[in-house]
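Scroll down for the structure; my scribbles are underneath it.
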Amino acid sequence: MKKTALAVSLLLAILSAVSCSGKSENATDKTEATTTVTTAEAETTSEADATTEAAISEVELPDPAEGTGFKSATIEGNVYTSEYAGMKISLSDDMEIEDRAATEEELKQMWSMFDSEYQEMLKKEIIELQAHHDYEGFIVTYYNTKLMFPDEENVTEDYFIEKGDIVLPATDSEEELQQILDEEGAVVTGPEKITMGGKEYSKVFIKLEGYGLDLIYYVRKIDDDFTLVIMSQGETGFDHTKFEKSVSSV
Numbered sequence: 146m147k148k149t150a151l152a153v154s155l156l157l158a159i160l161s162a163v164s165c166s167g168k169s170e171n172a173t174d175k176t177e178a179t180t181t182v183t184t185a186e187a188e189t190t191s192e193a194d195a196t197t198e199a200a201i202s203e204v205e206l207p208d209p210a211e212g213t214g215f216k217s218a219t220i221e222g223n224v225y226t227s228e229y230a231g232m233k234i235s236l237s238d239d240m241e242i243e244d245r246a247a248t249e250e251e252l253k254q255m256w257s258m259f260d261s262e263y264q265e266m267l268k269k270e271i272i273e274l275q276a277h278h279d280y281e282g283f284i285v286t287y288y289n290t291k292l293m294f295p296d297e298e299n300v301t302e303d304y305f306i307e308k309g310d311i312v313l314p315a316t317d318s319e320e321e322l323q324q325i326l327d328e329e330g331a332v333v334t335g336p337e338k339i340t341m342g343g344k345e346y347s348k349v350f351i352k353l354e355g356y357g358l359d360l361i362y363y364v365r366k367i368d369d370d371f372t373l374v375i376m377s378q379g380e381t382g383f384d385h386t387k388f389e390k391s392v393s394s395v
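Right under this line is the structure:
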């Protein structure tokens, strides 16, 4: 599944960067204690770092919320509250959290790794929350459906799931879709309607047998501007209902 596999890779890359940050600092301390760095090597490293920082500073992430009624959420302690989506997520204490600003800074650093198609998609979405613990985590993303589908006046949840190339790969036929699923060793259940925090979502469950992962997508149309997608991820068989119980209304 091209887009799903890419979404998984993005999440794992970001989580890896976060979880390894503490280790890299320790490694640096040990290296400095045992290795003598020459002046020439230090200058080369500084020049490389400066070049990288310059490249990152040139990356522009346009605001998909411009001209819409979108309102940023708040994160206080381990509670994410979005008045815009009428939703509150109460996170467990062991969850590590990243807000929109932290995520966008990481995306800038990873920008050159993405192909042009995915770069364009990132310009139409707001990743407002990431939370993870060990191999479980979830991402809260708002997609500007007017930017994604400029020729469509009413983008429903079903249309988004079928044509959005976010949850499932957009294909011309059921046969083509099934072929992609078979190639990726993916088993899809849904969409089915469920209720979280008093709001109805379209839920799609994807078992990626080749990755040993379960992906669960919760899709809800907020208004004519944005569709909310929450992706929950964990090792095969993890209790994804734990997240569903953490969502309440505002």
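Using the working numbering, the first residue of the sequence shown is number 146, and each one after it goes up by one.
Glycine included, every Cβ here is placed at the ideal spot set by N, Cα and C.
For clarity, every value in this text was computed on a predicted model and none was experimentally measured.
For residue i, the nearest candidate out of the options (CA to CA)
i      : options                           : result
ASN299 : ASP370, THR219 and LEU206         : ASP370
TYR287 : THR381, VAL224, TYR363 and GLU251 : TYR363
GLY222 : LEU236, ALA230, GLU228 and THR213 : LEU236
MET376 : ASP384, ILE284 and PRO295         : ILE284
ILE367 : GLU329, GLU302 and THR381         : GLU302
THR372 : GLU380, ILE311 and GLU319         : ILE311
GLY355 : SER347, VAL349, GLY330 and GLU337 : GLY330
PRO295 : ALA315, THR226, GLN275 and LYS269 : LYS269
MET293 : SER318, ASP317 and TYR263         : TYR263
C-alpha gap between residue i and residue j, whole angstroms
i      : j      : result
LEU353 : VAL332 : 7 Å
ASP238 : GLU273 : 19 Å
TYR229 : GLU321 : 37 Å
THR173 : GLU205 : Because the pLDDT of THR173 is 42, which lies under 50, any placement of that residue in the model is unreliable, and the number read from its coordinates should be weighed accordingly. If you take the alpha carbons of THR173 and GLU205, they lie about 31 Å apart.
ILE306 : LEU313 : 6 Å
GLY212 : LEU326 : 37 Å
HIS385 : ARG365 : 18 Å
TRP256 : LYS216 : 25 Å
VAL374 : MET232 : 13 Å
THR334 : ASP359 : 11 Å
ASP279 : GLU345 : 29 Å
GLU281 : GLN378 : 6 Å
ILE271 : VAL395 : 20 Å
LYS387 : GLU337 : 18 Å
VAL224 : ILE234 : 6 Å
ILE361 : HIS277 : 15 Å
THR248 : PHE259 : 15 Å
ILE220 : ASP244 : 8 Å
GLY309 : ALA210 : 18 Å
Residue i CB to nearest heavy atom of the ligand PLP below 7 Å
i      : result
LEU267 : For the structure depicted, the ligand PLP is absent and the ligand set is empty, with no information on it obtainable.
Host alpha helix (DSSP H) of residue i (start-end)
i      : result
TYR288 : Here TYR288 belongs to no alpha helix (DSSP H); instead the beta strand (DSSP E) covers 281–289.
PHE305 : 302–308
Legend entry - Contact the segment 372–392 vs the segment 338–354: 3+ CB pairs below 8 Å: yes
Legend entry - Secondary structure, beta strand (DSSP E): runs of 3+ residues fully inside the segment 196–269: 219–221, 224–227, 232–235 and 241–244
Legend entry - alpha helix (DSSP H) segments (min. 4 residues) lying fully within the segment 321–393: 386–390
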